[in-house]
Amino acid sequence: MAPRFDHLKGVFGLLPTPYTEDYEIHTPDLQAAAEFCCSTGQHGIVWPVMVGEFYFLGEQERIANLDAVLETVNGRLPVIFGCSGVSVPQVLTFARAAQSAGADAVIAMAPARTTAAIAMDMYRRIADVYDGPIVLQNAIDYAPLTGEQVATVVEEIPQVEYVKEERPPGPRHISEIQRMVGDKVKTIFGGMGGRVLPEELSRGANGCMPACEFADVLAKVMELWWAGDERGARALHQRLLPLIIREKHSFMRYVLNRRGVFTSLHERAPSGINALDTDDKREIALLAQEIAGDIDAYPFKPE
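What follows is the structure, encoded as structure tokens:
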């Protein structure tokens, strides 16, 4: 079957995973977040990766909620299923589920505490069970690959059509991947929550995967850049930056609640020192006023 989307690029919103008071996945809120991405000009959806706390999710609930997200999106945007897991066999379980459900692409990192060799082998194994595009996610703490190793994987596995590069110290590795495989992959995606998006774009990225709560504004930054308005893109990014530098899971959930997306703020792991206090919320509200004119839908609501 021909893919629904030939070229994935732009700002792909990462869905945080919402929970009920019983610690179950709050499927209606997850679907509301997917609808939010579709309705606010974002270019795609990814779930679950680190923003979605994939490491807290069981296999059955994760696969069932992929179906719920795909049902909500109904082909309006590309949906990338996060397949990272605690072992390579579990990663492959999720890749098979993506194949069965009809996800538009998959993204994966090697399990924590493995090696680059295992990571490279994992992508070969994913390609054996999933026949769509694969996004190689290259992040610290999850068996990061060198530029040379990324190039080897891209050369050996044609389905690895995309790279999400987010090794520290940041955008310089975008330059490395652009230099080594820029003509062999369709898009290099940046990360880091969109905090350095203009520099990533200037170094060869043509996509970004930030948490979704402000990804509609980041999509406007991207579109201004595409239109040749670098000054306008940077100015909008600078207005948004004081908000997205505060990004933690508690912040994402709070903003999605204030924008009328999430009804639940429950967590599977308490935020601890990252929990928002009254002064944090006051500051977020003040900063949100600076981008109010850049938000076309889902404006901030009173608490």
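The sequence shown begins at 510 in our numbering and counts up by one. Even for Gly, the Cβ is constructed at its ideal location relative to N, Cα and C.
Per-residue burial, residue i [other beta carbons within 10 Å of its own, 16 or more giving buried]
i	result
SER609	exposed
HIS516	exposed
ILE649	exposed
VAL588	buried
ALA543	buried
Simplified DSSP state of residue i, which is helix, strand or coil
i	result
CYS546	helix
TYR639	coil
THR696	strand
HIS516	coil
PHE563	helix
GLY802	helix
PHE603	helix
GLY702	helix
GLY591	strand
GLU812	coil
ASN715	coil
GLY522	strand
GLN646	strand
VAL663	helix
GLY553	strand
GLU533	coil
Given residue i as reference, the closest of the options once Cα atoms are compared
i	options	result
CYS717	PRO667, GLY699 and ASN783	GLY699
MET618	VAL558, PHE545, GLY769 and ASP805	VAL558
MET631	THR655, ASP538, GLN599 and GLU657	GLN599
LEU645	ASP637, VAL638 and ALA660	ALA660
GLU570	VAL638, PRO527 and PRO678	PRO527
ASP613	ARG748, PHE514 and LYS693	PHE514
SER759	GLY679, GLU664, GLY641 and GLU562	GLU562
ILE635	VAL597, GLU664 and ASN647	VAL597
ASP538	ALA794, SER773 and THR549	SER773
GLY594	ARG688, THR623, GLU799 and GLU756	THR623
GLY611	ASP789, VAL578, ALA626 and ALA621	VAL578
LEU765	PRO512, LEU524 and LYS518	LEU524
HIS535	ARG740, CYS592 and ARG762	ARG762
VAL582	CYS547, TYR564 and PRO811	CYS547
CYS721	THR529, LEU733, GLY702 and MET689	GLY702
Contacting residues, own chain, Cβ-Cβ under 6 Å from residue i (five flanking each side not counted)
i	result
VAL520	GLN551, HIS552, CYS717, ALA724, LEU727, ALA728 and MET731
Check whether residue i and residue j have beta carbons under 7 Å apart
i	j	result
LEU815	PHE590	No information on residue 815 is available, as it lies outside the stretch 510 to 812 that the chain covers here.
ALA541	ILE572	no
ARG712	PRO680	yes
ILE627	GLN668	no
LYS695	GLU664	no
LEU586	ILE616	no
Chain-order list of residues whose beta-carbon lies under 7 Å from that of residue i (same chain, five-residue window excluded)
i	result
ILE686	GLY656, VAL659, VAL672, GLU674 and ILE697
HIS746	LEU706, PRO707 and VAL730
LEU710	TRP734
ALA621	ASP650 and TYR651
Close beta carbons around residue i, own chain, < 8 Å, minus the five adjacent residues each side
i	result
ASP803	VAL726, LYS729, LEU745, ARG748 and LEU749
TYR532	HIS775 and ARG777
ARG676	ASN647, ALA648, ILE649, PRO653 and HIS682
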